[in-house]
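Chains A and B, in that order, give the protein sequences.
Counting in this note's numbering, the first sequence runs without a single skipped number right up to 364 at its last residue.
Counting in this note's numbering, the second sequence runs without a single skipped number right up to 1643 at its last residue.
These notes concern the structure reproduced below.
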Amino acid sequence: MAETTTEGSDTIEALTLVPKAEAKQSMKDFKSDQEVRWCPGCGDYAVLAAVQGFMPQLGLAKENIVFVSGIGCSSRFPYYMNTYGMHSIHGRAPAIATGLASSRRDLSVWVVTGDGDALSIGGNHLIHALRRNVNLKILLFNNRIYGLTKGQYSPTSEVGKITKSTPMGSLDAPFNPVSLAIGAEASFVARTVDSDRKHLTEVLRQAAAHSGTALVEIYQNCNIFNDGAFEVLKDRQQAEEAVIRLEHGQPIRFGTPLADGLGSKGVVRDTVTGDLRVVAVTEENTSQILVHDAHAASPTTAFALSRLADPDTLHHTPIGVLRSVDRPVYDTQMADQLDSAIEQNGKGDLSALLTGGDAWTVVG
Amino acid sequence: MTSQVSSPAEQADGAVVGEQRKPASEKDVRRLDRVIIRFAGDSGDGMQLTGDRFTSETASFGNDLSTLPNFPAEIRAPAGTLPGVSSFQLHFADHDILTPGDAPNVLVAMNPAALKANIADVPRGAEIIVNTDEFTKRAMAKVGYATSPLEDGALDGYSVHPVPLTTLTVEALKEFDLSRKEAERSKNMFALGLLSWMYHRPTEGTEKFLATKFARKPEIAAANIAAFRAGWNFGETTEDFAVSYEIAPATQAFPTGTYRNISGNLALSYGLIAASRQADLPLYLGSYPITPASDILHELSRHKNFGVRTFQAEDEIAGIGAALGAAFGGSLAVTTTSGPGVALKSETIGLAVSLELPLLVIDIQRGGPSTGLPTKTEQADLLQAMYGRNGEAPVPIMAPRTPADCFDAALEAARIALTYRTPVLLLSDGYLANGSEPWRIPEIDELPDLRVQFAQGPNHTLDDGSEVFWPYKRDPRTLARPWAIPGTPGLEHRIGGIEKQDGTGNISYDPANHDFMVRTRQAKIDGIDVPDMEVDDLTGNADTLVLGWGSTYGPITAAVRRLRAAGENIAQAHLRHLNPFPRNLGTVLKRYEKVVVPEMNLGQLATLVRAKYLVDAQSYNQVNGMPFKAEQLATALKEAIDG
Chain A
1 MAETTTEGSD TIEALTLVPK AEAKQSMKDF KSDQEVRWCP GCGDYAVLAA
51 VQGFMPQLGL AKENIVFVSG IGCSSRFPYY MNTYGMHSIH GRAPAIATGL
101 ASSRRDLSVW VVTGDGDALS IGGNHLIHAL RRNVNLKILL FNNRIYGLTK
151 GQYSPTSEVG KITKSTPMGS LDAPFNPVSL AIGAEASFVA RTVDSDRKHL
201 TEVLRQAAAH SGTALVEIYQ NCNIFNDGAF EVLKDRQQAE EAVIRLEHGQ
251 PIRFGTPLAD GLGSKGVVRD TVTGDLRVVA VTEENTSQIL VHDAHAASPT
301 TAFALSRLAD PDTLHHTPIG VLRSVDRPVY DTQMADQLDS AIEQNGKGDL
351 SALLTGGDAW TVVG
Chain B
1001 MTSQVSSPAE QADGAVVGEQ RKPASEKDVR RLDRVIIRFA GDSGDGMQLT
1051 GDRFTSETAS FGNDLSTLPN FPAEIRAPAG TLPGVSSFQL HFADHDILTP
1101 GDAPNVLVAM NPAALKANIA DVPRGAEIIV NTDEFTKRAM AKVGYATSPL
1151 EDGALDGYSV HPVPLTTLTV EALKEFDLSR KEAERSKNMF ALGLLSWMYH
1201 RPTEGTEKFL ATKFARKPEI AAANIAAFRA GWNFGETTED FAVSYEIAPA
1251 TQAFPTGTYR NISGNLALSY GLIAASRQAD LPLYLGSYPI TPASDILHEL
1301 SRHKNFGVRT FQAEDEIAGI GAALGAAFGG SLAVTTTSGP GVALKSETIG
1351 LAVSLELPLL VIDIQRGGPS TGLPTKTEQA DLLQAMYGRN GEAPVPIMAP
1401 RTPADCFDAA LEAARIALTY RTPVLLLSDG YLANGSEPWR IPEIDELPDL
1451 RVQFAQGPNH TLDDGSEVFW PYKRDPRTLA RPWAIPGTPG LEHRIGGIEK
1501 QDGTGNISYD PANHDFMVRT RQAKIDGIDV PDMEVDDLTG NADTLVLGWG
1551 STYGPITAAV RRLRAAGENI AQAHLRHLNP FPRNLGTVLK RYEKVVVPEM
1601 NLGQLATLVR AKYLVDAQSY NQVNGMPFKA EQLATALKEA IDG
């Protein structure tokens, strides 16, 4: 068994309770027989392909994998995965998945959601799943628009967005999903982009390996209602200046490479305010460039990193794993409480329970 | 109306069960067949605890009993005010009884507010025990007494016992190292001791209870026990209480068996644990705290050693969502709530209808609409349960009839959910939830077998001969679909709230398929096997049928007994299954010239039976947050018979 799971979910602690595949898997094993019905050119195709392509790396028995979604374009995802799946109702996938994951620790439970589903109608469930640290992997497809209802602004749309429901421009300030997740006590928060298959796969791998709730924000292009929303992050030339690729243990540098092979810009901590800012890297300040620590106990720096991005231009958008820390996992603790209740009181005796302490007997 | 004096005076002769305290004096002892006592005080006075203890003593003594706790939604309403009054009524008897009683024979009023709030329910001739210490000018003025009702003749015709309960309690506890305030807190135990003497209640249980409850504060435990004993001794020695009463155990009322006293919410909790064991499935409760359902969450949370998982969710929607997720994973899944919570859960109930997964939705109904009356009872969620969802979303509905019946109702609701793979709505209410009565504890081998078979392999052969699994291929008898839980190899499938193709479960927008699926889901619920309704028609020729459902069983049955005792001819039937109705309901209704439906709503069951069976069912309604009184119902039914 072990030799077929070459990528080693055996070694991933978060997945030790999930049975392993008996034979080597391929991407094909994870494709369902259903026709994929997203608009041609939709970013969702790329994510689906990345997930189907990545799943064999985990080597899990596919009957022990469950995809749960809410409502929205991305929420059709489970239909296309040849695993167990539930396409539920708007915003509620984290709640449903919490019940499943906390009652079945032998499952690998994934939530697929969108910016409207997760952050608007389902905002409450998202933040509570994150703070509880249930063993869920949440893929948040953020296209900054409502697609399935044909193009209204979403909670991540930039202010002033002209849509059918906001002909004079939207008024509300957007959420930054990564900031929100960090504020909600998330133990794992990452961001990636639909078109960067390699990066996306690496982030998924790290999310799968995480014990507890992992939130992965995936910037995803809606070519019908919000085309090019993330173009600045994808266009090779512009991306160099816009994207900050985070890697644990590496100095946070981006932009045109300097002689040392690293970017010409870097992130430093302002000694006065403690906040982070972007500076041109010089010989003098190289040693002051912040080294990324995804495992820092305090969420402060991860939060500050998440605030570097300009919500309008998307300049200085960090991608990668912003935060990944160990924290007690809800479902593990729930199971532990059951075990210790049995240890303390013995396995439940129904007859004794029903009789209680104050019974009396009537004899005929 | 029960009189306090229903048999000649008798000496106490040791007939009292329980070997502890017995009245030893030469005082009169009278034998009664039943008594209704109401304890009333401030919501901080411990009246519910006092009532609970008196109830436990009475249960262990072997009387039949029925209780009605009645308390404000505020945890501590302003002291001494009418809205802050909390009361506990207990009816106990030497025979089988059905209700907590209409009118108290004894009122214990711990302050002027308690007297004022309850006196209207107390008939002249009854005994009133008042805590005179609290009848200060200021306290009386607060509730609108310009002069003292104890002195101005307002209580003429009552047998009033003025007792300085607070002073006596403080005096009794002077040896203890307690502040006056702390000592005063035990006055409810003094009152309990006094009443326990008056009615020859066993006392051992209460002393044991106090010792356990305050195990970490032995001084407080000892003080409470001392106050309790002082109350007893006060009754024994003071001349004001010349008579004590015996109510013999209700030996005829109870078939052979082991009994305990149980409230509706406790019985329901135990029913769920029993259902989990009988189904051999782990119990999963997803719930959000709401009155009067929270006690089920509390109770189930105490029994993790039965493999019970309780999840206190962030809201009502997440409560049912988590339960539904657990159901998908193969748990016996439950969500508990009250009416406002059902409103929030509606969309998820609809999803469960579409997914065809077993799920218990337990609604402990309370006064509505909106927040309504959180601590009062009502049965006005029937139509919400029946119709409160988008689309055609039929759900089986059941209602227990008494507190103890909540146990069996939970098992029956689980049977339906598991057999037919459907959400089931169980409608209890505040009266059943908090009220209590003796319950014959079942033997485990009497409980129904609820085991289910998960799908294990392919269930369909395609034209090309290949074996496949179809998640919506139905059992031809029950129309239930297979329950294939994650972890089962080869049965990977996707389900969702979008309309599904018959059989395959794939998304389908086909018009004919939708029509077929809507009708099939309805047919599945309509076809649920429910027992025929029993009709209690002694003569077989009554013209009038009284039809009830849920918690009105006690008052309706008590009213019917009264009418029959007065020579009236009336038939009675009570519905446990509200969707689908029992097969014989239509036939039964058509047998009677008049059908009267008493409900604690504005006629919801009456609306359903009128629509379904075209019978001219007449409503009798009360929506005041309280259960019907037997006398009032008897009068209304008499009018119907004569009308």
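We put the beta carbon where it would ideally sit given N, CA and C, even for glycine.
On a predicted model such as this, the values are computed, not experimentally measured, just so you know.
Residue i versus residue j - alpha carbon distance
i                  : j                  : result
Ile1397 of chain B : Ala1279 of chain B : 20 angstroms
Ser26 of chain A   : Pro56 of chain A   : 6 angstroms
Leu1605 of chain B : Asp1405 of chain B : 20 angstroms
Leu1192 of chain B : Lys1638 of chain B : 39 angstroms
Glu7 of chain A    : Phe30 of chain A   : In this predicted model, Glu7 of chain A has a pLDDT of only 49, less than 50, meaning its place in the structure is not dependable; the value taken from the coordinates is given anyway. The alpha-carbon atoms of Glu7 of chain A and Phe30 of chain A are separated by roughly 17 angstroms.
Ala1414 of chain B : Ser103 of chain A  : 19 angstroms
Pro299 of chain A  : Ala1211 of chain B : 49 angstroms
Gly266 of chain A  : Pro251 of chain A  : 8 angstroms
Leu1479 of chain B : Leu1281 of chain B : 22 angstroms
Ala61 of chain A   : Lys20 of chain A   : 5 angstroms
Gly1548 of chain B : Ala1558 of chain B : 13 angstroms
Ser120 of chain A  : Ala181 of chain A  : 14 angstroms
Gly1257 of chain B : Asp1094 of chain B : 17 angstroms
Ser1179 of chain B : Thr1206 of chain B : 24 angstroms
Phe1234 of chain B : Leu1194 of chain B : 7 angstroms
Ser179 of chain A  : Arg191 of chain A  : 11 angstroms
Glu1631 of chain B : Phe1254 of chain B : 25 angstroms
Val1108 of chain B : Lys1376 of chain B : 21 angstroms
Reference residue i; option with closest CA among the options
i                  : options                                    : result
Leu353 of chain A  : B:Trp1197, B:Val1035, B:Met1047, B:Glu1299 : B:Glu1299
Gln1312 of chain B : A:His210, A:His125, A:Ile342               : A:His125
Ala101 of chain A  : B:Ile1296, B:Arg1610, B:Ser1331            : B:Ser1331
Phe377 of chain A  : A:Ser306, A:Gln337, A:Phe230, A:Ala359     : Only positions 1 to 364 of chain A appear in the structure, and residue 377 of chain A is not among them; the question remains open.
Gly1307 of chain B : B:Ile1273, B:Ala1318, B:Gly1329, B:Tyr1620 : B:Ile1273
Trp110 of chain A  : A:Ser75, A:Ile127, A:Ala341, A:Leu246      : A:Ser75
Ser349 of chain A  : B:Lys1304, B:Asp1408, B:Gln1379            : Residue identity check: residue 349 of chain A is Asp in the sequence provided, not Ser. Taking only the C-alpha atoms, the option nearest Asp349 of chain A is B:Lys1304.
Arg1440 of chain B : B:Phe1469, B:Pro1598, B:Asn1261            : B:Asn1261
Asn1601 of chain B : B:Gly1368, B:Phe1209, B:Ala1221, B:Lys1500 : B:Gly1368
Ser1436 of chain B : B:Arg1309, B:Leu1173, B:Phe1092            : B:Phe1092
Val47 of chain A   : A:Ala242, A:Ala214, A:Asp194               : A:Asp194
Val281 of chain A  : A:Pro177, A:Arg269, A:Arg253               : A:Arg253
Asp260 of chain A  : A:Asp172, A:Glu283, A:Glu63                : A:Glu283
Asp1515 of chain B : B:Lys1594, B:Gly1391, B:Arg1302            : B:Gly1391
Exposed unless 16 or more other CB atoms sit within 10 angstroms - verdict on residue i
i                  : result
Val203 of chain A  : buried
Met334 of chain A  : buried
Tyr1509 of chain B : exposed
Val291 of chain A  : exposed
Pro1292 of chain B : buried
Glu22 of chain A   : exposed
Pro1476 of chain B : exposed
Leu1563 of chain B : buried
Thr313 of chain A  : exposed
Thr271 of chain A  : exposed
Thr83 of chain A   : buried
Val279 of chain A  : exposed
The ligand SAH heavy atom lying under 7 angstroms from the CB of residue i
i                  : result
Gln1379 of chain B : By its list of ligands, the structure shown contains no ligand whatsoever, and the ligand SAH lies outside what it can speak to.
Rounded Cβ spacing between residue i and residue j (contact assumed at less than 8 angstroms)
i                  : j                  : result
Asn1118 of chain B : Ala1040 of chain B : 5 angstroms
Pro1202 of chain B : Asn1063 of chain B : The Cβ separation is near 11 angstroms, so there is no contact.
Pro1164 of chain B : Asp1133 of chain B : 5 angstroms
Gly1271 of chain B : Ala1399 of chain B : Not quite, the Cβ-Cβ distance comes to about 14 angstroms (not below 8 angstroms), so this is no contact.
Ile1036 of chain B : Gln1089 of chain B : 7 angstroms
Practice task
Could you say if the segment 1082-1100 of chain B and the segment 1444-1457 of chain B meet the contact criterion of at least three C-beta pairs nearer than 8 angstroms?
Solution key: no
Problem - Meets three-Cβ-pair contact criterion under 8 angstroms: the segment 1326-1344 of chain B and the segment 1358-1366 of chain B - result: The answer is yes - the segment 1358-1366 of chain B touches the segment 1326-1344 of chain B, with three or more Cβ pairs under 8 angstroms.
Practice task
Tell me, please, whether the segment 210-229 of chain A touches the segment 128-143 of chain A by the rule of three or more beta-carbon pairs shorter than 8 angstroms.
Solution key: yes
Exercise for the section: Take every Cβ of the segment 1369-1387 of chain B, pair it with every Cβ of the segment 1408-1423 of chain B, and state whether three or more of those distances are shorter than 8 angstroms. Expected result: Contact between the segment 1369-1387 of chain B and the segment 1408-1423 of chain B is absent: fewer than three C-beta pairs spanning the two stretches fall below 8 angstroms.
Problem - Contact between the segment 1043-1051 of chain B and the segment 1182-1189 of chain B (3+ Cβ pairs under 8 angstroms) - result: yes
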